[in-house]
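For reference, the structure discussed in these notes is given below.
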Amino acid sequence: MAKALISTADLERIALQEIRSFPGSEHVRSVEVECETSIPRDINWRLYVIASDEGDLDRIQYAAKVTTERLKRRYMLRPET
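Mind the numbering: the sequence shown is residues 438 to 518 in this note's numbering, read in order.
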């Protein structure tokens with residue numbers, strides 16, 4: 438299955454929505470994508486999650502891990518211009 442190209446901003450929005458859908462992850466405030474330029478764009482990014490103090494850290498970490506795996510199977514970051 439071919440991966441779809443996606444912008445960093447779109448990937449962040451999708452990741453935030455998916456992470457918040459996990460029980461216990463409702464307190465996630467934002468998600469940032471960080472990528473390394475020396476590695477191919479389909480595997481070189483990771484998600485950083487920012488949550489309020491009320492969030493369940495274990496559930497948020499699980500949600501971020503699962504979401505990252507899912508999104509890496511579906512998307513490749515579009516090169517920034």
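Ideal Cβ placement from N, Cα and C applies to all residues, glycine included.
Note that this is a predicted model, so its numbers are computed, not measured.
*7 Å Cβ shell around His464 - same chain, five flanking residues per side excluded*: Ala488, Ser489, Glu491 and Gly492
_In DSSP terms, what Ala488 is bridged to_ = Val465
*CA-CA distance, Cys472 and Arg515?*
11 Å
*Just the Cα atoms here: how many angstroms apart are Glu449 and Arg510?*
15 Å
_Helix, strand or coil, according to DSSP, for Ala501 in the structure here?_
helix
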